[in-house]
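Colleague: Each protein sequence line maps, in turn, to chains E and D. Convert by adding 186 to the 1-based position in the first sequence; the result is the number in the numbering used here. Convert by adding 186 to the 1-based position in the second sequence; the result is the number in the numbering used here. Sharing a structure with you now.
2 protein chains.
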Amino acid sequence: MSGDTVAEDTRSRLLATALKLFSEHGVGGTSLQMIADELGVTKAAVYYHFKTKDEITEAVAAPALQELIARMDEAERQRTRGSQIDHALGGFVDLIVRYRSLIALFNSDPGIMRAIERSLDGVETFAARMRKLLVGPDPDLATTLTANVLLAGLALAGGSSEHAHLDDETLRTHLFDIGRRMLGRPKRRPKTGTGVAEEGA
Amino acid sequence: MSGDTVAEDTRSRLLATALKLFSEHGVGGTSLQMIADELGVTKAAVYYHFKTKDEITEAVAAPALQELIARMDEAERQRTRGSQIDHALGGFVDLIVRYRSLIALFNSDPGIMRAIERSLDGVETFAARMRKLLVGPDPDLATTLTANVLLAGLALAGGSSEHAHLDDETLRTHLFDIGRRMLGRPKRRPKTGTGVAEEGA
DNA sequence: GTCTATAAGCTGATAGAC
DNA sequence: GTCTATCAGCTTATAGAC
Numbered sequence: 187m188s189g190d191t192v193a194e195d196t197r198s199r200l201l202a203t204a205l206k207l208f209s210e211h212g213v214g215g216t217s218l219q220m221i222a223d224e225l226g227v228t229k230a231a232v233y234y235h236f237k238t239k240d241e242i243t244e245a246v247a248a249p250a251l252q253e254l255i256a257r258m259d260e261a262e263r264q265r266t267r268g269s270q271i272d273h274a275l276g277g278f279v280d281l282i283v284r285y286r287s288l289i290a291l292f293n294s295d296p297g298i299m300r301a302i303e304r305s306l307d308g309v310e311t312f313a314a315r316m317r318k319l320l321v322g323p324d325p326d327l328a329t330t331l332t333a334n335v336l337l338a339g340l341a342l343a344g345g346s347s348e349h350a351h352l353d354d355e356t357l358r359t360h361l362f363d364i365g366r367r368m369l370g371r372p373k374r375r376p377k378t379g380t381g382v383a384e385e386g387a
Numbered sequence: 187m188s189g190d191t192v193a194e195d196t197r198s199r200l201l202a203t204a205l206k207l208f209s210e211h212g213v214g215g216t217s218l219q220m221i222a223d224e225l226g227v228t229k230a231a232v233y234y235h236f237k238t239k240d241e242i243t244e245a246v247a248a249p250a251l252q253e254l255i256a257r258m259d260e261a262e263r264q265r266t267r268g269s270q271i272d273h274a275l276g277g278f279v280d281l282i283v284r285y286r287s288l289i290a291l292f293n294s295d296p297g298i299m300r301a302i303e304r305s306l307d308g309v310e311t312f313a314a315r316m317r318k319l320l321v322g323p324d325p326d327l328a329t330t331l332t333a334n335v336l337l338a339g340l341a342l343a344g345g346s347s348e349h350a351h352l353d354d355e356t357l358r359t360h361l362f363d364i365g366r367r368m369l370g371r372p373k374r375r376p377k378t379g380t381g382v383a384e385e386g387a
């Protein structure tokens, strides 16, 4: 999956560098010059791989976003409400843990959403769709707020540098338990492989 | 409190405009030109009120930050743990509600923290101090994570445009209850005036 | 207080050599 | 694939007129 050709390696290193700098300075606060310097190449070399800055932003965000869609699709196919909730929550927590800073970036930086809205439509409905999976189609205000606090909190706290030292399994388990507790569900272990996309770990 | 002189009015309108644009585009994504245009003045006029962009960023953030410190001081003076928690949580929720988008900005935009660190030291310990008030000095990992998810979630969800239509009292009550529930405390009404700084409402 | 004018520098982006 | 060189445009910031 990594290191096929030199170009692909540079491309993936470029995306990793961009993500790191986006997390530290925000999308707007990160220039192509900064990315190029950190990579040890020139701006023009960066432009060989991506035509525009927006293209970089999209490429940084796309994999996690598509995986999130896949996880929500999967959750919607579950027959019981309980299983739907566990799949949606488990999938979300999985993504937070595996992409860490990226997911936090979604909740925070306005720049990344703007860049993605142009390529993927309906991005702002992501949170709405996830919330619907967690608390049903017609939640009251208290339930809606609880779900929003939970989703934003999981993403931001999970991506925080304060917990960067925690291994994936530990972080995943704890975040999942917090989610279940906030949603009023009994404590339980998450199955590590909720389904799709475990191969990347 | 507002509209003493023309200059002070312009100054406060400038800060309100800056906050609005910071929320929409991030600190790095907002230029002085944008602020000036939105205000209907020139860039040079903006520079009359503030020497640098960082100074604007600091001035936008300072009032909420100093109030947060005051609230935490007050909470620490409480004698019982329960009262400490209620004061800290209530004070935090009060600030979220009253400043809305600003507090969300702290949790997200890296630019605002960088600007403030230069003037106010120990900004990164704010979250740590608040967490200590909420869950004590030596929490286990699960408790630490719960507090971090709660603090980040309250701030981000409370500042979300999705809840902009909610009146202060409604939002405050619900966020406070969510906080108490996550901290494992029985449900209760927050006293609207937990102490200081109710006059601004 | 707000303006015009301007400086110096960084931005995203392109063209063409190697 | 990466480089140097260059572009127009925007950035923060200053000087001085009104």
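Ideal Cβ positions, reconstructed from N, Cα and C, are used throughout, including at glycine.
#1: Between which residues of its own chain and M368 of chain E is the CB-CB distance below 7 Å, once the five residues before and five after are set aside?
#2: Alpha helix (DSSP H) containing P372 of chain E: first to last residue?
#3: By how many angstroms is the C-alpha of F278 of chain E removed from the C-alpha of L225 of chain E?
#4: Can you say whether R263 of chain D is buried or exposed, counting buried as having 16 or more other CB atoms within 10 angstroms of its CB?
#5: Give a yes or no on whether 8 Å exceeds the smallest Cβ distance from I271 of chain D to chain E.
#6: Which first and last residues belong to the alpha helix (DSSP H) in which D326 of chain D is found?
#7: Out of D:H273, D:R267 and D:A250, which one is the CA nearest neighbour of E260 of chain D?
#8: Would you call the stretch 336-348 of chain D and the stretch 287-304 of chain D in contact, with 3 or more CB pairs under 8 Å?
#9: Measure the CB-CB distance between D295 of chain E and G268 of chain D and report whether it falls below 8 Å.
#10: Would you check if there are 3 or more beta carbon pairs closer than 8 Å linking the stretch 234-245 of chain E to the stretch 318-325 of chain D?
#11: Hey, F208 of chain D and V246 of chain D: beta-carbon distance below 8 Å or not?
#12: Closest to S198 of chain E by C-alpha separation, out of E:L254, E:I221 and E:G214, would be which residue?
#13: List, in chain order, every chain D residue whose beta-carbon is nearer than 8 Å to that of S198 of chain E.
#14: Could you list the residues in the stretch 209-239 of chain D with a C-beta less than 9 Å from some C-beta on chain E, going in chain order?
#15: Give the secondary structure of Q252 of chain D by DSSP, where H, G and I count as helix, E and B as strand, and everything else as coil.
#16: For T228 of chain D, count neighbouring Cβ atoms within 10 angstroms of its own Cβ and tell me buried if that reaches 16, exposed if not.
#17: Let's see if you can read the secondary structure: which residues bound the alpha helix (DSSP H) around E303 of chain E?
#18: Is A204 of chain E closer than 8 Å to I255 of chain E when the C-beta atoms are compared?
#19: Which residues of chain E have a Cβ atom closer than 7 Å to the Cβ of G276 of chain D, listed in chain order?
#20: How far does the alpha helix (DSSP H) with H235 of chain D in it extend, from its first residue to its last?
Modeller: According to the structure data:
#1: Sequence index remark: in the first sequence, residue 368 of chain E carries index 182 (1-based). Same-chain partners within the cutoff: T332 and L336.
#2: One-based indexing of the first sequence puts residue 372 of chain E at position 186. P372 of chain E -> no alpha helix (DSSP H), and no H or E assigned at all.
#3: What you label residue 225 of chain E is simply residue 39 of the first sequence in a count that begins at 1. What you label residue 278 of chain E is simply residue 92 of the first sequence in a count that begins at 1. When rounded, the distance between both Cα atoms is 31 Å.
#4: Here residue 263 of chain D is taken as the residue at index 77 of the second sequence, counted from 1. Flag for R263 of chain D reads exposed.
#5: In the second sequence, residue 271 of chain D corresponds to position 85, counting from 1. Cβ-Cβ to chain E under 8 Å: no for I271 of chain D.
#6: Looking up residue 326 of chain D in the second sequence gives position 140. DSSP places D326 of chain D outside any alpha helix (DSSP H), giving it a letter other than H or E.
#7: Within the second sequence, numbered from 1, the residue matching residue 260 of chain D stands at position 74. Checked all of D:H273, D:R267 and D:A250; the closest Cα to E260 of chain D is D:H273.
#8: The stretch 336-348 of chain D, when compared against the stretch 287-304 of chain D, does touch it at the 8 Å Cβ threshold.
#9: For the purposes of this step, residue 295 of chain E is identified with residue 109 of the first sequence, where counting begins at 1. For the purposes of this step, residue 268 of chain D is identified with residue 82 of the second sequence, where counting begins at 1. One thing to note: D295 of chain E has its Cβ no nearer than 8 Å to the Cβ of G268 of chain D.
#10: Contact check between the stretch 234-245 of chain E and the stretch 318-325 of chain D: fewer than three CB pairs, one atom from each, fall below 8 Å, which does not count as touching.
#11: As a working mapping, residue 208 of chain D is identified with position 22 in the second sequence. As a working mapping, residue 246 of chain D is identified with position 60 in the second sequence. F208 of chain D places its beta carbon less than 8 Å from that of V246 of chain D.
#12: Numbered from 1 along the first sequence, position 12 holds the residue referred to as residue 198 of chain E. From the listed residues E:L254, E:I221 and E:G214, the smallest Cα separation to S198 of chain E is found for E:I221.
#13: To locate residue 198 of chain E, count along the first sequence from 1; it is residue 12. The contacting residues do not exist; S198 of chain E stays about 24 Å from chain D at best.
#14: So the list reads S209, E210, H211, G212, V213, G214, G215 and T216, given in the order they occur along the chain.
#15: Locating residue 252 of chain D in the second sequence gives position 66, where the first residue counts as 1. Collapsing the DSSP output to three states places Q252 of chain D in a helix.
#16: Along the second sequence, read from residue 1 onward, the residue named residue 228 of chain D stands at position 42. The residue is exposed, with fewer than 16 neighbouring Cβ atoms inside 10 Å.
#17: Taking the first residue of the first sequence as position 1, residue 303 of chain E is located at position 117. Here the alpha helix (DSSP H) through E303 of chain E covers P296 to E303.
#18: What you label residue 255 of chain E is simply residue 69 of the first sequence in a count that begins at 1. What you label residue 204 of chain E is simply residue 18 of the first sequence in a count that begins at 1. Contact: no.
#19: Taking the second sequence and counting its residues from 1, the one referred to as residue 276 of chain D is at position 90. Simply none; closest approach about 16 Å.
#20: Translated into the one-based positions of the second sequence, residue 235 of chain D becomes position 49. K229 to H235 is the extent of the alpha helix (DSSP H) around H235 of chain D.
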